Every structure is written in C-alpha cells, then in structure tokens.
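A.B. asks: Here the protein sequences come in this chain order: A and B.
One rule links them: number in the working numbering = place in the first sequence (from 1) + 98.
One rule links them: number in the working numbering = place in the second sequence (from 1) + 58.
By construction, the Cβ of each residue, glycine as well, lies at the ideal position given by its N, Cα and C atoms.
Remember, it's a predicted structure, so these values are computed and weren't measured experimentally.
The structure follows.
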Amino acid sequence: MSLEFSRTVTFGQYINVNSVVHRLDARIKMLSVACVMFCTFMTRGFVSILPILAIAVLIQVTSKIPVGYTLRGYRLLLRTMLFIIPFQILFYRAPAGVQVDPYWQWWVLSISPQGISAGLYTLTRVILLYHTINMLMFTTTMIDLSDGAEILFEPLKKLRVPVNELVMTMTVALKFVPLLITELERLIRAQTARGVRFDTGGVIERTKKIVPVLIPLFVNALNRAEVLIVAMNARCYHGGEGRTKLRTMHIASTDVFALSIILLFAVSAAYIGRTFGV
Amino acid sequence: MKINVRQIVVAGVLGAIAIVLGVTQIGFIPVPNLSGSATIMHIPAIIGAVLEGPVVGILAGAIFGIFSMLNDTSGLFTNPVVSVLPRILIGLTSWYVYKALEKRNSDVAAAAAGVVGTLTNTVFVVGALIAFGLLPVEAVPTIIPQALVEVVIAAIVTVLVARGVKLVRSGSTTASESKDGTY
Chain A
99 MSLEFSRTVT FGQYINVNSV VHRLDARIKM LSVACVMFCT FMTRGFVSIL
149 PILAIAVLIQ VTSKIPVGYT LRGYRLLLRT MLFIIPFQIL FYRAPAGVQV
199 DPYWQWWVLS ISPQGISAGL YTLTRVILLY HTINMLMFTT TMIDLSDGAE
249 ILFEPLKKLR VPVNELVMTM TVALKFVPLL ITELERLIRA QTARGVRFDT
299 GGVIERTKKI VPVLIPLFVN ALNRAEVLIV AMNARCYHGG EGRTKLRTMH
349 IASTDVFALS IILLFAVSAA YIGRTFGV
Chain B
59 MKINVRQIVV AGVLGAIAIV LGVTQIGFIP VPNLSGSATI MHIPAIIGAV
109 LEGPVVGILA GAIFGIFSML NDTSGLFTNP VVSVLPRILI GLTSWYVYKA
159 LEKRNSDVAA AAAGVVGTLT NTVFVVGALI AFGLLPVEAV PTIIPQALVE
209 VVIAAIVTVL VARGVKLVRS GSTTASESKD GTY
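Below, the structure is given as structure tokens:
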C-alpha cells in the first residue's frame, strides 16, 4: 500500500482541457445529464438507445477528453459486468408474449438469443449511464457542480427544503477531503512506523489494524469541525438568505443550444422506447 | 426543516471521511467474494447518527451516496435510487436503534446501530439493484459473505469510534497534539 495518498489520489475527476463542453454552464450540464439518464431508463431496446449513443459520442468528441482516457475508466466497470452479465443471460426470463428458442437449457438456466440480447442491452445501458456521469465529472469542477446545484434546486425552497444548507454541507465535505487525506496519510505513517503492515492479514486482522487509524481520524476531524462551527457562528452564517456569490453563473446562447440538442435526442430515445418498445 | 450550523459542519466532515475512505481505498477490506471487498464507507453516516442525531446521519449518508454515484467505477451506482436513497436511510434506521437502546447500554446501542445501519445499506442497495434489473435475484447468495463481514466490522468499529469520540469530548483525555488547538 502506498503511503502517499495525496500524490496518487484523484478526487473529483476534473480534466482541465479547454473545450466547448467545459465552458458550458454547470447548471445546463447537470440538467442535460439528468435528462439523458432519465431517458436512458425509458429506452426498451437497441433501437431506442441509439439516440443516447449518439449523445455519448457527440459529448466525447466535443469535450476533447482523450478517448483512451475515457476507455481506461471502463476497466473496473467491465470487470463487474463480466460477473453480472452471465447471470443475466443464464437466468433470463422472457417477458410475456416473447418467444424464446434456447440453444441450451437446464432447470431455470438457459442460453437463448433473447437472453444474450437482453444481457448486451443491459451492458450498453450501464456503459452509457456511466459515460454520461463520467463526462459531467471530467468537464465540471466540484465547486461549479455544487454552485449549480444550489441554483437548480432553488425551487425546492418553496417546499421548505433547506437547499443552501444542503449545498453548504456538500461544500464543507469537499473542502475537508484534501485535509483529511493528509491526516489519514499521517496516521497511516505513524502506524507503519510502529511496525503495522496494512496490506496483509485476514478480515479480522485488517479490521483490528484499521481501528487505531479510524479513531484519531474521526476525533481529529470532529475537533476541526468544532473550530469551523465557532468560526461560522462568529460570522453569523444563517443559510442562504441574502448571501451573495463571488462568481455568478450566466447562461449563454451556446448553453441553450447544447441543451436543446440533448433534449431532442434524449426525448426521441424515450419516445421510441415507449411507443415501439424496441 | 431547519438545519443548524453544527449539523451542517459535522455532517460535512463525516461525509468527507466517507469520501476519503473511498478514494484512498482504506475503506475497503478484501473479502473472498465476487465483488472482492467489504466496505466501511457507510460507517461515518452511522457514527453521525449515533453522535449527533438523525439529521447529521442522513446528511453524511447523502454525501456518501452522491459521491458513490459520481465516482462510480462499477456502472451499477449511476442510478440515484441505488446509490443515494439507501445511504440516506442509513442515518435514520441506525439512529432509531441507537435511541431505543441507548438508555440500557450505549456500547450495545452503538453496536446495534452499526449492524442495523449496515444492513440498511446492503438490503436497500441490493434491493434497488434487483428492482432495476441490474442484478438477478439468483446472484444474491454471492453477496452474503460480504454482507456478514460488513456487519461484523461495522458493529466493532462503530462502538470503538463512538466510545473514543465521547471519551475525548468528555474532556477526561486530550486528543490534540498541541495546546493551542492547531494540529
């Protein structure tokens, strides 16, 4: 195990390239992602998912994120899928009215073209959802995301949802991450210096090793929290009312254009899926 | 609903711990199982519920959930119903259990909160995966060893951390390394 997390850890996956997608307003990007994800769940087969695929390709190309970089992220995904997809194929149960002609069948297990196609469809859908989220993370900084969320969810304030407070919680978490990584690194080093090896041992042994790291991590983090609480109270923090922003977000015509293209594709995918079921 | 500064900050910090456990891989303990590891990333949410009440537990769980959605590597957690919703419930259930048992014995209560919180996470995540057709029901037995390990780890870790934090807060010991409060 490496002792230098702060060098190897990539938190938030923002990739600093100057592209059209990077420059889009965070709110627009989040709306688009939500819309694409929702419509992906509405698709029913390979035909209806095509527009979603088109969106994925379009974003990939315009974002200037290297294709190799995106693909590298798929390794872990594919490993999980290698385990899930065979299950889906073997235990495929045809919906009513679908004729199944299996190549092979035993008890509830079977291998049929319908099962394989259903498995591959699930895989495609998972990859596309994953790609959509990843592209958002690659092209938008965490701070832009939380600023965007604050404005996007503003209507919820009418329902007495404390939007500003929720976003502030997220912001506090994001700001504390690098700090706590350094802290954790220090604790791990302290334990290593005492001869603890974190990369060996069974489940129980590893749990025993991790507790002396976790307790000071929590205690220190909560102590830091106390300091921040005092600081925020001293500055009279009271949620959103009347607070102003250092940077304000603006929606430009490119934002509207991008959103309408994505809406067009995503809604057509959902429409095809719902009406034709393919 | 009103959330005060204390709840915001403590939940934020606990959420940050969950994120840190995730990105540094410290929060994953290898298990001989198909998914490969048991997680302790949900424990900050349980601790939040135990130490500060349901609001902090829920918020810390929500941060963990949002993080697992945004930083998903398996492709299964892109759906917020799978990744965020179950994690919000962790704080709620573990707080109820802790509250119910606290009067008798706070260690037992913390352990029970750890167990229930972990089961909430496992059951609702797996349930949502099945409901969305991402995981066939038949694959559930392969998750059981991991779930058992997570329950045991959570029961132990929750008790120890809760006890440690309470001890330090009670003032009978000091945790800071220098007297001026800087670490």
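1. Expressed to the nearest angstrom, what Euclidean distance is found between the alpha-carbon atoms of Tyr241 (chain B) and Val195 (chain B)?
2. Could you give the residue range of the beta strand (DSSP E) that holds Ile214 (chain A)?
3. Please determine if the stretch 299–319 of chain A and the stretch 259–267 of chain A are in contact, where contact requires at least 3 C-beta pairs separated by less than 8 Å.
4. Sort A:Ile359, A:Met179, A:Ile153 by Cα distance to Tyr219 (chain A) and report the nearest one.
5. Are any of the Cβ atoms in chain E nearer than 9 Å to that of Asn129 (chain B)?
6. By DSSP, does Pro90 (chain B) sit in helix, in strand, or in coil?
7. Could one say the Cβ of Phe185 (chain A) lies closer than 9 Å to chain B's Cβ atoms, at least one of them?
8. DSSP three-state call for Thr178 (chain A): helix, strand or coil?
9. Can you list, in chain order, the residues of its chain whose CB lies under 7 Å from that of Val183 (chain B), leaving out five sequence neighbours each side?
10. Is Ala69 (chain B) helix, strand or coil when you go by DSSP?
11. Can you tell me whether DSSP reads Ser146 (chain A) as helix, strand or coil?
12. Quick check on Ala291 (chain A): buried or exposed, where buried means 16 or more other Cβ atoms within 10 Å of its Cβ?
13. Using C-beta distances below 7 Å, list every residue in its chain close to Ala213 (chain B), excluding the 5 sequence neighbours before and after it, in chain order.
14. By the criterion of Cβ-Cβ separation under 7 Å, what are the contact partners of Glu263 (chain A) in chain B?
15. Smallest Cα separation from Ile349 (chain A): which of A:Gly246, A:Arg223, A:Pro211, A:Leu148?
16. Could you check whether the Cβ of Ala189 (chain B) sits closer than 9 Å to any Cβ belonging to chain A?
17. What does Met140 (chain A) reach in chain B if we use C-beta pairs closer than 8 Å?
18. If the cut is a Cβ gap below 8 Å, which residues of chain B does Arg304 (chain A) touch?
19. Expressed to the nearest angstrom, what Euclidean distance is found between the alpha-carbon atoms of Cys133 (chain A) and Thr237 (chain A)?
20. 9 Å is my cut-off, CB to CB: does Lys162 (chain A) come that close to chain B?
21. Glu160 (chain B) versus chain A: which residues are under 7 Å apart at the beta carbon?
22. CB-CB under 6 Å to Ile77 (chain B), same chain, minus the five flanking residues each way: which ones, in chain order?
23. When the Cα atoms are used, what is the spatial distance from Leu208 (chain A) to Leu221 (chain A)?
24. Note down, in chain order, each residue of its chain lying with its Cβ closer than 7 Å to the Cβ of Ile153 (chain A), except the 5 sequence neighbours on either side.
25. Under three-state DSSP, which class holds Trp205 (chain A)?
26. How about Ser132 (chain B): is its C-beta nearer than 9 Å to some C-beta of chain A?
27. From Val155 (chain B) to Gly70 (chain B), what distance separates their C-alpha atoms?
C.D. replies: Well, looking at it:
1. Low confidence applies here, because Tyr241 (chain B) scores a pLDDT of 46, under 50, leaving its location unreliable; read the following figure in that light. Straight-line Cα distance between these residues: approximately 49 Å.
2. Not the beta strand (DSSP E): Ile214 (chain A) falls in the alpha helix (DSSP H), residues 211–237.
3. no
4. A:Met179
5. Of the protein chains in the structure, A and B, none is chain E.
6. Judged by DSSP in its simplified three-state form, Pro90 (chain B) adopts coil rather than helix or strand.
7. Interface flag for Phe185 (chain A) against chain B is set, since a Cβ pair is found closer than 9 Å.
8. helix
9. Val140, Pro144
10. helix
11. coil
12. exposed
13. Ala169, Gly172, Val173
14. Ile61, Ile66
15. A:Gly246
16. no
17. Result: empty, since nearest Cβ-Cβ is about 13 Å, beyond 8 Å.
18. For Arg304 (chain A), the chain B residues whose Cβ falls inside 8 Å of its Cβ are Ile87, Pro88, in order along the chain.
19. In a straight line, the C-alpha of Cys133 (chain A) is about 17 Å away from that of Thr237 (chain A).
20. no
21. Per Cβ cutoff of 7 Å: no residues; Glu160 (chain B) is ~19 Å from chain A at best.
22. Phe125
23. Reading off the sequence, residue 208 (chain A) comes out as Ser, not Leu. Their backbone Cα atoms lie some 19 Å apart in a straight line.
24. Result list for Ile153 (chain A): Val134, Ile360, Phe363, Ala364, in chain order.
25. coil
26. True, the Cβ-Cβ gap to chain A drops below 9 Å.
27. Looking at the two C-alpha atoms, the distance is approximately 23 Å.
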